[in-house]
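Worksheet: one structure, shown below.
Protein chains: 2
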Amino acid sequence: MPLRAGRLCGFCGGMTRFRFAPIAAALPATVPFTGPETLERRRGAPFRARLGANENGFGPSPRAVEAMERAAAEAWKYADPDSHDLRHALAGHHGVAPQNVMVGEGIDGLLGLLVRLMVAPGEAVVTSDGAYPTFNYHVAGFGGRLVKVPYREDAEDPDALVAAACETGARLVYLANPDNPMGSWHSGARIEAMLDDLPQGSLLVLDEAYAEFAPEDAIPRIDPEDARVIRFRTFSKAHAMAGARIGYAIGPAELIAGFDRIRNHFGINRIGQVGALAALGDRDWLTHIRAEVAAARDRIGDIARMNGLAALPSATNFVAIDCGRDGAFAQALLDGLAQQGVFVRMPGAAPMNRCIRVSCGPAPELAAFAEALPKAIGTLA
Amino acid sequence: MPLRAGRLCGFCGGMTRFRFAPIAAALPATVPFTGPETLERRRGAPFRARLGANENGFGPSPRAVEAMERAAAEAWKYADPDSHDLRHALAGHHGVAPQNVMVGEGIDGLLGLLVRLMVAPGEAVVTSDGAYPTFNYHVAGFGGRLVKVPYREDAEDPDALVAAACETGARLVYLANPDNPMGSWHSGARIEAMLDDLPQGSLLVLDEAYAEFAPEDAIPRIDPEDARVIRFRTFSKAHAMAGARIGYAIGPAELIAGFDRIRNHFGINRIGQVGALAALGDRDWLTHIRAEVAAARDRIGDIARMNGLAALPSATNFVAIDCGRDGAFAQALLDGLAQQGVFVRMPGAAPMNRCIRVSCGPAPELAAFAEALPKAIGTLA
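Take a look at the structure:
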């Protein structure tokens, strides 16, 4: 006979409520980022400039939009869990085999799966202090031990990352190239050399979310079967489809196949998958986006200079503006901008947190930023 | 100085390739379901009737389709990671607080998160032999120990589930009501009584994916703060939006908040989220869907009877047809249907695998099934 709730069975020890598993129980209730909608609800009004999440306000390819509109009525079907057509198109685009490509719910989702696949509780993972918080969130979420090295001259430091990997026997080493949140970048040759320096047993997690905005020589030439590295790309940035949640990994077939052991096979949105395929085929739109982003970067640089601030060089669709003081000052500036309806973010770690990070966007939004920035500075003076 | 790859650092022991973490390393390369697109590629032609995945071919609400079409051009924005509007609408709809609702990438995604949140490696989880494979996939994927009890008269057996939970100290007990793949159901009162019998420390995972098709008295009345149960609902079935990947959990606020510790906060597709909100508001369409599904169930029953087979009662949008022989016969029938372009599935465990499972769909697809079934039977005779 089953025990009644009022009695005690041998396992529960008198517990009256659920309990989380040990790793989850030890986690703080945290979020990597607070969404702009949440901030809008807090301030009680929408932002007039949405320039904080490195979204791409120039918008998706009209061909992608049309494909997604057409797919809406077909939303009763699950997406192809093999992402066959998209994977094959991506493989062709990158000159790799379809077995080297895994499609997932954005790089964020794939990073979580990678950590789960590779990192046992207590094992070390190396990243830079101030680099992508969502990666850290996943490492903590699976009980990994985060080892952070400092940025060096506003860039992630390959030598320091490799050294920390050697010291700790790190399972994963995270590097974003180009970097978020600073916009800095290394040459592809430097990344290739880093692979040779990595200790055996360490896998380089090369986050190339912003690759399409970078100079060509910033992209390393890597054999897709190179077992020392897995690369991540996305439709969220250059393809302006952050809301579609389509990212992908490129890596050795054996590693890529590992995702099939743990991923949510039917987790991808059908409309997003169809849209990504259409976006990939529209190279003209990508050229258009690159030109718009380059012009917006220049415009953000001009706005910074007009206010006596320095824009850092960027190979991404955002610009880090050095506000010349400390993190408290940059935060106050951020708050001042938000009060005027301009949403931007800032790096999370010193000394990069002397900056604010402004995403490229259409002219009206940059005009709002240009108008709000001197007022925010004036209030603080 | 970092070690070069040619040398050995203290941690790698001469390993030349990556290795998976222990739990992932022990997992088979498996998928819970092979997608219909994969089957179509194998057979070299599309299906003419897609009746195997319990999708809802009657399609989403026109209001949802319109909302998704409108949202396509806005796909450059991430979705609101708090799903504020949808969560509040769902809370209002179910008469619970927004803090009792968690939105995720379908029930599949939420089940994975729940297992991760609650089950440490080696801990027991109870389900029925033949119940939802994706739940089992997640339990295995996090190193849980699956304990299976048999179905009883083609239904999941609450008494057996509770007894197994008591014997094993199970952390989770899975029950789908109505059941998939058999279409059977229990009364809400039976589920409520089951909660009283559950041992302390066991959480009932109540999968109500098909609830909207069930008789009203099949839905238990449960206080959302009842710490003994978490319920799952979806837009994939009655709302015909499987491709949107929007499911939700209802449970105690403290448990629901746990998801925020581990979920991919920016994992939800913006278009799907917008579409779900519109679908929830279209009660007339739901009424229409229910009528279509009820008629299709009757039609599938008629087709079964015309072929000398018995359709089992169903409270879902599919019908299990008892083929009267063993699993090998049902599998052969399934193959015979697939050869004629009719995609259906079958239960995975005996004795339910004497059946084939046919999803409700529009008249032309059921006509294709009606045409193909006698031929498939004839070939086997």
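Sequence order for the protein chains is P and V. Residue 1 is where the first sequence starts when you use the UniProt record's numbering, and the numbers rise one by one after that. Residue 1 is where the second sequence starts when you use the UniProt record's numbering, and the numbers rise one by one after that. Glycine included, every Cβ here is placed at the ideal spot set by N, Cα and C.
*Given a threshold of 16 other Cβ atoms within 10 Å of its Cβ, counted over all protein chains shown, does histidine 138 of chain P qualify as buried or as exposed?*
buried
*Flag tyrosine 78 of chain V as yes if its beta-carbon sits less than 8 angstroms from any beta-carbon of chain P, otherwise no.*
yes
*Host beta strand (DSSP E) of cysteine 355 of chain V (start-end)*: 355 to 359
*If we ignore side chains and look at the alpha-carbon of each, how far apart do glutamate 66 of chain P and phenylalanine 135 of chain P end up?*
33 angstroms
*So, is the C-beta of histidine 265 of chain V closer than 8 angstroms to a C-beta in chain P?*
yes
_Short of 8 angstroms Cβ to Cβ, which residues in the segment 100 to 116 of chain P face chain V?_
Glu105, Gly106, Asp108, Gly109, Gly112, Arg116
_So within the segment 319 to 352 of chain P, which uninterrupted alpha helix (DSSP H) runs reach at least 4 residues, ignoring any that extend past its ends?_
327 to 339
*Can you tell me the Cα-Cα spacing of alanine 363 of chain P and arginine 345 of chain P, whole angstroms?*
19 angstroms
*Within its chain, find whatever has a CB closer than 8 angstroms to the CB of aspartate 157 of chain P; leave out the 5 residues flanking it on each side and keep chain order.*
Ser128, Val149, Pro150, Tyr151
*Closer than 8 angstroms at the beta carbon, the chain V residues around valine 344 of chain P*: Per Cβ cutoff of 8 angstroms: no residues; valine 344 of chain P is ~15 angstroms from chain V at best.
*Is the Cβ of methionine 306 of chain V closer than 8 angstroms to any Cβ of chain P?*
no
_Close beta carbons around alanine 72 of chain P, own chain, < 7 angstroms, minus the five adjacent residues each side_ = Ile271
*Residues bridged to alanine 176 of chain V by DSSP?*
V/Asp207
*According to DSSP, what are the bridge partners of residue 383 of chain V?*
For chain V, the structure presents residues 1 to 381; residue 383 of chain V sits outside this window and is missing.
*asked:* Taking DSSP's pairing of strands, which residues face valine 96 of chain V in a bridge?
replied: Its beta-bridge partners do not exist; DSSP assigns none.
*Return the chain-ordered list of same chain residues with a C-beta closer than 8 angstroms to the C-beta of leucine 312 of chain P, the five sequence neighbours on each side being excluded.*
Asp154, Met182, Gly183, Ser184, Val319, Ala320, Ile321, Asp322, Cys355
*Considering only residues of the segment 125 to 188 of chain V, which uninterrupted alpha helix (DSSP H) runs meet the minimum length of 4 residues and lie entirely inside it, listed in chain order?*
133 to 141, 158 to 168
*How is the beta strand (DSSP E) around threonine 287 of chain V delimited, first residue to last?*
Premise fails: threonine 287 of chain V lies in the alpha helix (DSSP H), 283 to 306, not in any beta strand (DSSP E).
*asked:* Cutting at 8 angstroms between CB atoms, please list the residues of its own chain near arginine 19 of chain P, excluding the five before and the five after it.
replied: Ala25
*Measure the beta-carbon distance from alanine 79 of chain V to isoleucine 268 of chain V and round it to whole angstroms, keeping in mind my assumption that it falls under 8 angstroms.*
5 angstroms
*asked:* Quick check on the DSSP output: the alpha helix (DSSP H) that includes phenylalanine 232 of chain P runs from which residue to which?
replied: Looking at the DSSP string, phenylalanine 232 of chain P is not in any alpha helix (DSSP H); the run it does join, the beta strand (DSSP E), is 229 to 234.
*Return the CA-CA distance between glycine 239 of chain V and asparagine 56 of chain V, expressed in angstroms with no decimal places.*
Glycine is not the amino acid found at residue 239 of chain V; the sequence shown has histidine there. Roughly 8 angstroms separates the two Cα atoms.
*Quick one: any contact between the segment 81 to 101 of chain V and the segment 44 to 61 of chain P, if contact means 3 or more CB pairs under 8 angstroms?*
no
*At 9 angstroms on the CB atoms, spell out the chain P contacts of alanine 370 of chain V, in chain order.*
In chain order: nothing, as chain P lies at least about 21 angstroms away.
*Just the C-alpha distance for leucine 380 of chain P and leucine 175 of chain P, rounded to the nearest angstrom, thanks.*
35 angstroms
*Taking the C-alpha atoms as reference points, what is the distance between aspartate 85 of chain P and threonine 34 of chain V?*
16 angstroms
*Taking Cβ to Cβ, would you say phenylalanine 213 of chain V is nearer than 8 angstroms to arginine 290 of chain V?*
yes
*In chain V, what lies closer than 7 angstroms to aspartate 260 of chain P by C-beta?*
Ala29, Val31
*Are the segment 284 to 302 of chain V and the segment 117 to 125 of chain V touching by the rule of at least three beta carbon pairs closer than 8 angstroms?*
no
*asked:* Judging by CA-CA distance, which residue of V/Cys166, V/Pro62, V/Glu208 is the nearest neighbour of residue 393 of chain V?
replied: The shown model of chain V, from 1 to 381, leaves out residue 393 of chain V, and the question about it has no answer.
*Give the secondary structure of arginine 41 of chain V by DSSP, where H, G and I count as helix, E and B as strand, and everything else as coil.*
helix
*Using the rule of at least 16 other Cβ atoms within 10 Å of the residue's Cβ for burial, across every protein chain shown, is proline 374 of chain V buried or exposed?*
exposed
_Please classify arginine 50 of chain P as buried or exposed, where buried requires at least 16 neighbouring CB atoms within 10 angstroms._
buried
*Hey, would you say asparagine 353 of chain P sits closer than 8 angstroms to tyrosine 210 of chain P, going by beta carbons?*
no
_Whole-angstrom distance between glycine 251 of chain P and alanine 370 of chain V, CA atom to CA atom_ = 46 angstroms
*Roughly how many whole angstroms lie between the Cα atoms of glycine 361 of chain V and alanine 53 of chain V?*
11 angstroms
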